[in-house]
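*Asks:* Just passing along the structure, written as structure tokens.
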Amino acid sequence: MKKIILAFMALFVIGSANAQMTKKETGKGPVKERATNLWNKTQETVEKVATKVQEDFTSSNSGLHRIKGNYYMHVYDTNLYQGEEENAFREMCRKEFKAKYPKVPIQSCVIPQTDWETTPIKEGDQVTGYARTLYCYVLGKDGNEGFINVKFVFEQHKEVGGEFSKSREKWPLWLRTDVVPNDIMEELRTK
């Protein structure tokens, strides 16, 4: 998907560059020199657009924040989910975290959404089922140096007319771990 977007942007920029050429660029002079100038200007514009599209795509669409050249997940500290299995889900995530980091005290374990995110599963234009997702974040204090921020996911699927069931053998699935230095944590908390 990302490559397709970048390819369309490149074609758009090339078309725009051709449309915006001035008399000086299209005037007299060797064809090789004019073609080289056009190529260099187009290449610079394409690189700028590609960088901008990549940054926007990575940060806004995936929920990551770019700080000092690295991408970090958002830090959540408020539990919004109040479903009947809320405590069980959060306890499973705490247990997984403690198994990997037994000496790291947990500061928060939250599900920052009010309900499952449900999306239809389609085959062509026909809806054949549904998938639902719930995310849980565990934040631990790693000594005086920083923090460990972990993202877990609970996924369920069902066919039309059926019941939801776990999507994976691993429940919850450990999706991502960010090791966050103290100075970065301050910036993440203000975003």
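Numbering-wise (the numbering used here), the sequence shown opens with residue -12 and increments by one.
No residue lacks a Cβ here, since even glycine has one placed at the ideal position from N, Cα and C.
Values in this document were obtained by computation on a predicted structure and should not be read as measured data.
1) If you follow the alpha helix (DSSP H) that R81 is part of, which residue opens it and which one closes it?
2) Restricting to Cα atoms, I'd like to know which of P159, G148, N66 is closest to M79.
3) For D170, name the three-state secondary structure that DSSP assigns.
4) May I have the straight-line CA-CA distance separating I93 from N74, to the nearest angstrom?
5) Do K138 and Y122 have their C-beta atoms within less than 8 Å of each other?
6) With C-beta atoms as the reference, is T23 less than 8 Å away from L67?
7) How many angstroms separate the CA atom of S47 from the CA atom of P107?
8) May I ask you to list the residues that DSSP assigns as paired with W161?
9) When you compare each of Y59, P17, L25 to E174 by their alpha carbons, which one comes out closest?
10) Look at the alpha carbon of E83 and the alpha carbon of R77, and state the distance between them as a whole number of angstroms.
11) What's the C-alpha gap between F134 and P89?
12) Note the first and the last residue of the continuous beta strand (DSSP E) segment covering I93.
13) Using the C-alpha atoms, what's the distance from D64 back to T120?
14) Are the CB atoms of I54 and I171 nearer to each other than 8 Å?
15) Straight-line CA distance for H144 to T115?
16) Can you tell me the Cβ-Cβ gap for V166 and L126, rounded? I've got them flagged as a contact below 8 Å.
17) When the Cα atoms are used, what is the spatial distance from N131 to A86?
18) For K153, which residues from the same chain have a beta carbon less than 7 Å from its beta carbon, with the 5 sequence-adjacent residues on both sides left out?
19) Got a sec, what are the start and stop residues for the beta strand (DSSP E) L67 sits in?
*Replies:* So, to answer that:
1) 73 to 87
2) Among P159, G148, N66, the Cα nearest to that of M79 belongs to P159.
3) helix
4) 15 Å
5) yes
6) no
7) Summary for S47: the model assigns pLDDT 44, below 50, so the residue's position carries little reliability; its value from the coordinates is reported in the next sentence. Across the structure, S47 and P107 are spaced so that their CA atoms are roughly 23 Å apart.
8) F139
9) Y59
10) 10 Å
11) 14 Å
12) 93 to 97
13) 19 Å
14) yes
15) 11 Å
16) Not really, about 12 Å apart at Cβ, beyond 8 Å.
17) The straight-line gap separating the alpha-carbon atoms of N131 and A86 is approximately 21 Å.
18) Non-local beta-carbon contacts of K153 in its own chain, meaning distances under 7 Å to residues more than five positions away in sequence, involve Q143 in chain order.
19) If you look at L67, you'll find it isn't in any beta strand (DSSP E); DSSP assigns it neither H nor E.
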